[in-house]
Every structure is written in C-alpha cells, then in structure tokens.
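Residue numbering for the first sequence follows our numbering, starting at -14 and increasing by one per position.
Glycine included, each C-beta is placed from N, C-alpha and C at the ideal position.
In this text, all values refer to a predicted model and were calculated from it rather than measured experimentally.
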Amino acid sequence: SVLNHKQCESYCSDLLSRIALNDNKAGMEGLDRDKINKIILETSKGSKFYENELKKEQQVNQRIEKMMEQKARITKEQLKQAQAEVDKLTCELERSRELGRVIVHVDMDAFYAAVEMRDCPELKDKPMAVGSMSMLSTSNYHARRFGVRAAMPGFIAKKLCPNLVIVPTNFDKYRAVSAQVREIFSEYDPHFMPMSLDEAYLDITEHLEERKHWPETMRTYYICDAKTGNDADRSAAESERDELSPVLFEDSPSSSPSLSGADRKAEVFGTSAEEAVREMRFRIEQKTSLTASAGIAPNMMLAKVCSDKNKPNGEYRIPPERQVVMEFMKDLPVRKVSGVGKVTEKMLAALGIVNCDQLGQQIALLSLLFSGTSWHNFLHISLGLGSTCIERDSERKSMSTERTFVEMSDAEEQYSLCRDLCQDLAQDLQREGLKGKTVTLKLKNVKFEVKTRAFTLQYAVCTEEEIFAAAKDLLKVEIDSVSPQPLKLRLMGVRVSGFISAEDKKPLQRSIMGFLQKGGSDSGSFTQCAGSVLKAEEDSDGASFLKPQATEMKQSFFQRAHLSNTNSGTDTTSYVNKPAVLKPSFKISTQVLPFLTCPVCNTEMKDVNLTAFNNHIDECLKGSAVDNEPTHLDAPKEQEELNRKPPASSSESRTLKSSSHDPSCNEEKPSTSISVPLVETDEDGDFKTPFFSHRTKTNGKRSVLSKKKMPVCESSSKASPTTHNLEAITEMSSDSNGSSLTCPVCSQPQSTDDLALFNRHVDMCLNQDVLLEFRESHPPVGHSDEPALKSVRGQQGSSPLPPSKKPKVLSTKHTIDKFFKGNAGQKV
DNA sequence: GGGGGAAGGACCA
DNA sequence: TTCCTGGTCCTTCCCCC
C-alpha cells in the first residue's frame, strides 16, 4: 500500500526473474511468455512462497548493487593488472587444452513423462505431467507448449493448461527402465558416469578405437518387434517407423532416418562417433520404446550443452577443433551452461554479459568482482573448456531425507517426525554401509524460510538412535528459540555427511561395556554403543537439551576410556567400583556387573544390572533431594528389587543428577552434576594440595563444604552449583548425627569432626587438574560475567544456545576427559 | 593466518 | 488450497590453534 506505481512495477519485474517461466528447456521455444507469466504471477501472488521469493530476489538485488559499487571503484590500473593475469592464465589453459577424448552426454527425453506415455498410450496426445498438485517432476512436449514444465507446482500448471493430466510418480518403474538403459551405456563405456535416472556421461574414446576394426556385422542391429521384444525374428511390416519411434514427438527426427522402405529390417551403423552414438540411441529406443538425445564433444561441459541442442531424439557433435569450439561458444547464452543458474545469470546480465563471447571479454573485470573459483570457472566456460576425465566411481558425500507436510506446530509431533526421518535415513545409510560424522537438521518454516543446523560428532554414526540423539538436540534448540511461540514447520529433513573412509570404518573405539568388562573383548565400535548404551543427559521435561559439547564429551570420554584401557593395559574392572564419579551424565546399560557401590547411599550391590544401578542412584538422589535425608534401603532387598526393575525409559533417566528443591529456583537452570570436584586453592589460585601446583586463572576463591544447607539452584559468584551439589551429596551421605560422612569419591566413611579435613580428603581423592580447567573455561551458571555464547553466523539469524543450557555437562566433558588423560592406567 | 565447522545459498536433475 | 526431493559445491563467518 505504500509503494508507488513505479516501485510496484519494479517489484514485479524483480519477481518475474525468479518465479516467471523459465523457458530454458527443450520444447519451450516461442511461447507467449507474457501471457504465461501473467497467469503464474496471478496464481502465486500473496502466497507465503511468493513473499519469500520476493525477499530472496531483493537479496540478489542487493548483491548486485554491492557488486556495481565495487565495480565503480575499480581503477584502470587494477583492470590492466587483472587483464595481464587473465592473459597469462589463458595461455596456460590453451596450452593444456585437450581435444583427444570423445565425451558423450546422453539424456532421455522427458523421461518420466515418456515412461508413463509408453505405458498408457491414451496419454500420448494429451498434455500431461508427472508429479502432483504441489510439484511436477516433468511434463511432455504437449504440456510444454502451455508453459508447463518440471519444477512447477501442479496447481499453477493447471491454470496454464486446464486439460493437463497429472500422473503420480512411479520411481520403481523409472528405475527399472533406467537399468535397461544403463546396460546399453556400459557396452560403450563400462565406467560411464550416471548423473540421475535419465542421464549419463560416457567416454567412448576407447570404444571408437576398437570400433574402427569391427566388421559390419558387429555394427548391425535389427529392428525390434515392439510386441514380442524379439529382435531376431521380425517382419518388415513390424518395422514401420511408428514402431521405431512409438511414443513421442511426431516432429522429431528418427534415430534411423535411413530406414524408409517396406523392406527395412536391419540398420548398419558406421564407425564414427556420431554413428556410434546414433547406434546407442537406436538400441535404447528398441529396448525401451523411449528416445534419448545426446551431445558429443571433447569435454563434459560442451557435451552437456550439445545434448540439449537437438532435443528431443537428436544428437549434436562438436568436432575436436579449437576453432569450431570457439565458434560454438560465441553465441551461446551463459544460462545454457550447466552451473549457471538464475542468480549467476542475473548478476552477469547486470554487467552486460549474456553470451559466452561477452563473458570471455570481461574476464578481467570478473576476476576483480567474483571469487577465484567463480572467475576461473567463467574463464573455462568462455574458452569452451571442461573436464575431459569422467570421474569414475566418485564417492557419495552425504545422504539425507526430508519431508514436506502441512503446517506442524506441535513439538511432540515434530520430535516424532524427526525420529521417523532418522529411522528412514539410518536404513538408507545401513543399506549402503555408510557412517558419517555430521548430522544436519533442515527446517523450513511456514514462511518458506529454510534453516539448517549441523553438528559434527567425533565419530561416525549410522543408527537411528545415534542420528536422532543429535538431531533432536538440534531441533530442541530451534523449538526453544521461538518459545513460548510454537515452531511452525512445513518441512523437516535430516542429513548425514562426512562419511568415513573404508579404513576408518574399523572400530577404533571400544564400547563402554567393552571398557567396563574385565579384560573385556571389545563388543563393537563406539558407534554401536553410542545409541544403545549412552543417552545424552536429559532435561527435566524429558527432552535432552542441546549440547554439541555434550556429544563431544561423550566421545572424549570414550576416547579416553579406550586410550587408558588399551594403552596401559589397565584392569578395566578397577573402574567399575566408581562408575558414578566417572560418568555421572550417562545412562548405563543393562549389562550386569559383578560389583558396584552406590556413591550416594554407599550400598554395595553384587551382580547388578547397570540400568537398575542407574535407577537406584536416581532414586537415591531424588529421595535425598526431596527429603534431605539419605536413602538407606536394605541392600539385599533393594538389589532384588533393582534386578526385577525394567530399564528406565530415556525420559526418566537422569543419572546422578541432583534435583532442586528450592521453590525459587528458575526452572531454566539446569540441575547439576556431581562430577566436578571441589578444589581448594590459596589466594593466588594455586592448589593447596601438594601434588597439584598449577596456577589457576580463577579468582582463587576457596570452595568449602559447609554444614549449612544451600539451595542447589542458587548460583552466584560466591558459590558455584558444583559446590552446592557436592554439598548436597555430602549431606546425603552423612549419617543422622553428622559424626561421619561418606566421601563421594572413594566411598569411604570419613570423620566429620573437622569439615576442612573432610574437604581436603575429597580434594585429594579428585584429580583437581580437572576442575582447574573446568573453572577456566566454564564459569558457573548465572555468574554475572558469564560470556554469552555467540551465534556462529553472527548476523545471519542463527540461534545461540540458550545460556541456561550451556554449562550443564561441559563440566563432565572436562572432568572425564581430563580424568582419563591424567589417570591413564591408574586405578581410580 | 590457516584449518575446519556451521550455516546459508546456488545449482542441478 | 496447493511451490519437492536429494544431492553437490561454494562462500562467508567464526573459532581455535
């Protein structure tokens, strides 16, 4: 309402470049673009999608503005220097120009649509498309005359062509046809490079060499009987052209133009590249009743452009001569080149560059405005250069799955969907035997804004649990970041990337059980145990909080565990007696261990199930926190009960966390872990205990245990939650008259006549180096000078972690990490 | 300053 | 009423060593 007419026009023209018809496709020449664009615009206008496209367009315009400002600042001298550099590079590129390879790009014509038309001949003469009302995958050439094309929503296509028939996709069918086509490709190049179900690059150089010596019989193909598929026994009548080209494109050339008589039965193909490719297309057509187009050139870039030249059912060849290549490139619009999309096209157009000839003339300028990668690419294009080596067996870099749905605002539903996606992805990964380190969550909100949030683990993962453990934390941060408003999503995706190489796939890490078992043989890799044995520490609401550090922590723990175990030959059972100190944030599995001592009530348990042990500790902590009294159950009785108990659900398990009973406690504040030891330092921050002499950067405040009860959540600069927590534990461990206390580290009863003495004992029990580092890097929660976590992307709207979530388990990471580092090979 | 992770975006079929 | 899915690569920002 505030825009004037001119601005409106400008906005519309801006938008047109983004959502207007892209007629850069075969079969779409000479359309009434204005009319089509008007319909597209009217149908789209006002939608969230439209608004988002407008926003993106404005961003591109800003980029262009910046670029133009930059251009205005370029001096003649700079340009001259740049030109010299470009000339030098051009000479080098010319010297290394390779014209000796014969590269072919084969592309099936309107593939999905053609398959559907083949299988349902009544569609042949109708405008049709494959896809849904939301999105079309492809359209036939009848539909293209109406402006209907791939990547267009079906409802817009229906506006353009009300009679359009939309057929749902059937990928199993397309895959089967694709396999047939690929069989033929492999006969011309066994190492061909498939790009998708319907296209591939081939290097037929070797084939042509051999082909030269082939007798005619090896280059003769009989016309297939379309009814029986038998290509050895055919009558002349069955070889009518209708059967040769049964499906599509009445105007297109046949792949067998020489066949034009009643006695046509066989086709003899020559030895040239064109003939070999025509033969290949002929065979594809005979085998599948579908047509393909092809480009033949000295490199992949040119071959790709050529395959589009005579679509459908045609081929085009650029001979291996520099002059011809340059001539071909001269008038070629930059947008025809693979890799130049609408944004690049628009930016180049702003500089007056539309075709490749203009591109070549402006490389010096481009070298000052674009990145090195970009302008090098432009230079290659302008010279008609491209890859001459088809990358064989290139490895997959990532795998993902995503789903679009109607608006979803319910967090529980979102977590559930997230798990489903992780499950699907895990199955795909396992099917291909892949494991990756980076888990990425992709979210698209109802405004069509896309966000990706990634976390890189230290070890590769592939199971549903492992992937979900990371993905759900990423999701939680996003949900929390808009809380109390709901996160309104329309798409969610999960990706795993950073695949490990074959040699890395060997299990390097022992599982926690392997670690805990006496002389235990490794039961598997870390990744196997990570999902099933370990669980991220869980928040009171049952969902784990986001903590990339936590995952790192888990891994550090295992790494250390492994190192200490394998490097030193430590008796692993020696750790078993003190599991609570080592891994307070972990849920422990159902493995039965011979001997465990509860660090809270000091009960010894024999042959106890670890989950049950965990539950016991939870109960002890809970009971103590609520009652402020130690929980002392009759050990044998309790053990019996524990062994009967089923494993706790992940949402219930909060191992070794003390919970707050202070009504003033902000629920955002994390409950704290007992993992961080107390440290006693002198005024300079040096440790008082004799065997630690590091100087700390902290203020040297002395942490002491006091009998005075302090609320766990009351975090201040005076007392860290760690102090409170240990205090709580200590209180829990004291007997009723307070004359003795159980050390939470060594579990030995200690006299409490002198609390300072008890404090010192605890200090001695702990590796204080741990706390030193912890305190240096992680000030207590709520500390006034706590640094705010910075957003990774700064201005780009990424969500910083909620401050309250940060230090929860960082302590554990350092504790455990350092603990093992400092105690490798020692008994704890 | 370089390496590497995270996030966003361009581009492709 | 309704604008996908799955992939690669590049750029930018930021942190850490």
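{"query": "Whose CA, out of 59, 331, 320 and 145, lies closest to the CA of residue 127?", "result": "145"}
{"query": "Tell me, which residues are paired with residue 181 by DSSP?", "result": "184"}
{"query": "Looking at the unbroken beta strand (DSSP E) that takes in residue 92, where does it start and where does it end?", "result": "88 to 93"}
{"query": "Could you work out which residue in 386, 202 and 280 is closest to residue 295 when comparing CA atoms only?", "result": "280"}
{"query": "Less than 8 Å between the CB atoms is what I'm expecting for residue 481 and residue 452, so what's the real figure, rounded?", "result": "6 Å"}
{"query": "For residue 143, tell me which candidate among 25, 359 and 327 has the shortest Cα-Cα distance.", "result": "25"}
{"query": "Between which residues of its own chain and residue 399 is the CB-CB distance below 8 Å, once the five residues before and five after are set aside?", "result": "393, 460, 464, 472, 474 and 477"}
{"query": "Rounded to whole angstroms, how far is the Cβ of residue 427 from the Cβ of residue 437, which I believe are closer than 8 Å?", "result": "5 Å"}
{"query": "Can you tell me where the alpha helix (DSSP H) holding residue 357 begins and where it ends?", "result": "357 to 367"}
{"query": "Note down, in chain order, each residue of its chain lying with its Cβ closer than 8 Å to the Cβ of residue 49, except the 5 sequence neighbours on either side.", "result": "331, 332 and 335"}
{"query": "Who are residue 476's beta bridge partners in DSSP?", "result": "389 and 429"}
{"query": "Judging by CA-CA distance, which residue of 122, 129 and 147 is the nearest neighbour of residue 136?", "result": "122"}
{"query": "Using a 10 Å radius around the Cβ and a threshold of 16 neighbouring Cβ atoms, would you call residue 192 buried or exposed?", "result": "buried"}
{"query": "So residue 815 and residue 196 are in contact, right, with Cβ under 8 Å, and what is the actual spacing, rounded?", "result": "Given that the chain is displayed from residue -14 to residue 813, the structure contains no residue 815 and the question cannot be resolved."}
{"query": "Excluding the 5 residues preceding and the 5 following residue 148 in the sequence, name in chain order all residues of the same chain whose CB lies nearer than 8 Å to its CB.", "result": "111 and 112"}
{"query": "Pick from 177, 169 and 114: whose alpha carbon is nearest that of residue 152?", "result": "114"}
{"query": "Any idea what DSSP makes of residue 422, helix, strand or coil?", "result": "strand"}
{"query": "Take the Cβ of residue 72 as the centre, count every other Cβ of all protein chains shown within 10 Å, and call the residue buried at 16 or more, exposed below.", "result": "exposed"}
{"query": "Determine the DSSP secondary structure at residue 340, reduced to helix, strand or coil.", "result": "strand"}
{"query": "Who are the near neighbours of residue 74 in its chain, counting only those whose CB is closer than 7 Å to its CB and skipping five residues on each side?", "result": "364"}
{"query": "What does the alpha-carbon distance come out to for the pair residue 22 and residue 5?", "result": "5 Å"}
{"query": "Within the chosen definition, does the stretch 162 to 176 reach the stretch 267 to 276 through at least 3 CB pairs nearer than 8 Å?", "result": "yes"}
{"query": "What residue range is occupied by the uninterrupted beta strand (DSSP E) comprising residue 204?", "result": "Element bounds for residue 204: n/a, residue is neither H nor E."}
{"query": "What is the DSSP secondary structure of residue 281, reduced to helix, strand or coil?", "result": "strand"}
{"query": "What does the Cβ neighbour count give for residue 76, buried or exposed, with the cut at 16 atoms within 10 Å?", "result": "exposed"}
{"query": "Cβ of residue 188 within 8 Å of Cβ of residue 86?", "result": "yes"}
{"query": "Throw me the rounded Cβ distance for the residue 282 and residue 141 pair, which I believe falls under 8 Å.", "result": "35 Å between Cβ atoms; not a contact."}
{"query": "With a threshold of 16 other CB atoms inside 10 Å of the CB of residue 391, please say whether the residue is buried or exposed.", "result": "exposed"}
{"query": "Quick one: grab the DSSP three-state call for residue 439.", "result": "strand"}
{"query": "For residue 443, which option in 484, 407 and 45 has the closest C-alpha, if you only look at C-alpha atoms?", "result": "484"}
{"query": "Applying the criterion that 16 or more other CB atoms from any shown protein chain within 10 Å of the CB defines a buried residue, is residue 47 buried or exposed?", "result": "exposed"}
{"query": "Is the beta carbon of residue 352 less than 8 Å from the beta carbon of residue 99?", "result": "no"}
{"query": "Among 65, 450 and 327, which residue has its Cα nearest to the Cα of residue 38?", "result": "327"}
{"query": "Give, in chain order, every unbroken run of the beta strand (DSSP E) that is at least 3 residues long and sits entirely within the stretch 265 to 311.", "result": "277 to 282 and 300 to 302"}
{"query": "Is residue 254 helix, strand or coil when you go by DSSP?", "result": "coil"}
{"query": "Let me make sure I understand the geometry here. Which of 316, 306 and 65 has the alpha-carbon closest to that of residue 348?", "result": "65"}
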